[in-house]
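The structure appears right after this line, and notes come after that.
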Amino acid sequence: MTAIPTDRNSIKLSSYEASTQAANWRYSIEQLVHIRTSLNKAAVAVIRNTFESDEPGSSENVSFLTADEEVLLVKLYITKITQLCGLFRFPEEVEATAITYLKRFYLKNTVMDWHPKNVMRTAPNDVLDLEFLVAQSLGFEFAVWHAHRALWGIWLDVQNLPSATEKLQPGLYDNALAHIRASRLTDAELIYTPSQIALAAFSLTLPDVASEWVTSKMPSDSSRLKNSVDEIMSMITYHGHPPNIESVREVDRRLKICKNPEKVVGSKAYLARKQDDERLAEAKRNKKAAELQKEIDESDPFGTELAEKRRELVGGLVDYDDDDDDDD
Numbered sequence: 001m002t003a004i005p006t007d008r009n010s011i012k013l014s015s016y017e018a019s020t021q022a023a024n025w026r027y028s029i030e031q032l033v034h035i036r037t038s039l040n041k042a043a044v045a046v047i048r049n050t051f052e053s054d055e056p057g058s059s060e061n062v063s064f065l066t067a068d069e070e071v072l073l074v075k076l077y078i079t080k081i082t083q084l085c086g087l088f089r090f091p092e093e094v095e096a097t098a099i100t101y102l103k104r105f106y107l108k109n110t111v112m113d114w115h116p117k118n119v120m121r122t123a124p125n126d127v128l129d130l131e132f133l134v135a136q137s138l139g140f141e142f143a144v145w146h147a148h149r150a151l152w153g154i155w156l157d158v159q160n161l162p163s164a165t166e167k168l169q170p171g172l173y174d175n176a177l178a179h180i181r182a183s184r185l186t187d188a189e190l191i192y193t194p195s196q197i198a199l200a201a202f203s204l205t206l207p208d209v210a211s212e213w214v215t216s217k218m219p220s221d222s223s224r225l226k227n228s229v230d231e232i233m234s235m236i237t238y239h240g241h242p243p244n245i246e247s248v249r250e251v252d253r254r255l256k257i258c259k260n261p262e263k264v265v266g267s268k269a270y271l272a273r274k275q276d277d278e279r280l281a282e283a284k285r286n287k288k289a290a291e292l293q294k295e296i297d298e299s300d301p302f303g304t305e306l307a308e309k310r311r312e313l314v315g316g317l318v319d320y321d322d323d324d325d326d327d328d
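If you read the sequence shown in UniProt numbering, its first letter stands for residue 1, the second for the next number, and so on.
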């Protein structure tokens with residue numbers, strides 16, 4: 001009997017299993033709730049403290065957003081991405097990737113700090129303003145494996161099933177793809193694999209063929225996969241639709257009052273934070289200049305006159321410092 005290798009490194013993983021998406025961007029439902037709740041509580045604490053520092057007692061009547069309300073607002077802006085991509089006829093890949101990035105961004109940030117409409121802007125200045133924040137929030141991991149590509153693979157494969165020939169009518173693939181698009185309004189891609197989501201979408205369209213295909217691929221044990229597929233189907237059916245506009249409008253109205261003032265350009269808190277950042281940057285520049293000056297004074301072998309010229313040169317270089325180490 002051949003021994004089954006136990007070392008993960010000795011097992012050939014699929015491209016998806018070896019991806020950063022599988023390693024870093026899949027969660028349980030409980031983990032997602034914990035992440036969002038923790039982010040929300042931390043943001044509320046910071047914003048409340050900022051309000052109180054500016055004017056004691058000013059946060060008492062502020063109705064801060066809950067984690068669920070934040071998710072609701074993000075969901076609305078997912079529908080905006082779909083509308084924009086349809087208007088400009090962007091490829092499916094562009095739409096799906098933009099939605100994934102938005103979801104991932106709000107697993108590291110809250111809407112009370114960064115409103116979705118600002119994060120989604122694509123004017124050059126807007127992109128540059130938030131470029132590093134967005135990239136950092138995504139962990140500099142930009143590759144995304146999408147369910148619509150897995151669906152296409154399943155669609156091609158089921159055509160080899162003898163009993164499926166007459167059942168695969170024109171338009172059925174588009175129906176399954178519509179379910180994939182609906183799944184983007186849920187947390188499915190943060191919990192399940194692309195192939196599981198694709199199979200769920202196909203099962204909602206042609207359940208008999210989907211079941212036969214699964215049996216042909218996993219004749220001995222398909223029960224665990226079936227449970228996951230059933231959960232995704234339920235998620236798509238009950239949550240894969242745009243949010244109620246009136247509910248979101250109320251959330252957005254309250255957000256105007258409870259958003260982080262340190263992120264609002266021109267506010268007292270914003271200006272104070274900016275001054276603090278500039279003081280910190282200046283202190284770092286001065287420290288760097290002092291260290292360079294000390295190194296010159298202690299090691300220069302050419303005499304006082306040449307040392308002075310070198311000091312002037314170093315001073316000029318320091319003036320051009322671009323604060324690239326501010327995040328250290």
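We put the beta carbon where it would ideally sit given N, CA and C, even for glycine.
- Pairing Tyr192 with Ser228 gives a Cβ-Cβ distance under 8 Å.
- By the 16-neighbour rule on beta-carbons within 10 angstroms, Phe88 is exposed.
- DSSP places Val251 in the uninterrupted alpha helix (DSSP H) bounded by Ile245 to Cys258.
- Leu204 and Trp152 have their C-alpha atoms spaced approximately 15 Å apart.
- Residue range Ser223 to His239 is occupied by the alpha helix (DSSP H) that includes Met233.
- Between Ile154 and Leu199 the beta-carbon gap is near 6 Å, inside 8 Å, which marks them as a contact.
- Under the DSSP assignment, Gln83 falls in the alpha helix (DSSP H) whose first and last residues are Ala67 to Phe88.
- Rounded to whole angstroms, Leu107 and Gly86 show a C-alpha spacing of 26 Å.
- Per DSSP, Tyr173 is one residue of the alpha helix (DSSP H) stretching across Leu172 to Ser183.
- It is roughly 40 Å from the alpha-carbon of Pro261 to the alpha-carbon of Ile197.
- With fewer than 16 neighbouring CB atoms inside 10 Å of its own CB, Met218 falls in the exposed class.
- In the structure shown, Trp213 adopts helical secondary structure according to DSSP, grouped into three states.
- The beta carbons of Thr79 and Pro242 sit about 5 Å from each other, so the pair counts as a contact at 8 Å.
- Beyond the five residues adjoining it in sequence on each side, Ile99 comes within less than 8 Å, by CB distance, of Ile78, Ile81, Thr82 and Arg184 in the same chain, given in chain order.
- For Ser163 and Ala176, the gap between their C-alpha atoms comes out near 19 Å.
- Judged by DSSP in its simplified three-state form, Phe51 adopts helix.
- Beyond the five residues adjoining it in sequence on each side, Phe51 comes within less than 8 Å, by CB distance, of Ser58, Ser59, Val62 and Pro261 in the same chain, given in chain order.
- Only residues of its own chain outside the window of five on either side were considered, and among them Val62 have a CB closer than 7 Å to the CB of Ile257, listed in chain order.
- Of the candidates Asp68, His146 and Leu292, the residue whose Cα lies closest to the Cα of Met112 is Asp68.
- When only Cα atoms are considered, Leu255 and Pro194 end up about 33 Å apart.
- Judged by beta-carbon spacing, Leu65 lies within the 8 Å limit of Val251, meaning their Cβ atoms are closer than that value.
- Between the C-alpha atoms of Thr165 and Leu156 there is a straight-line separation of about 12 Å.
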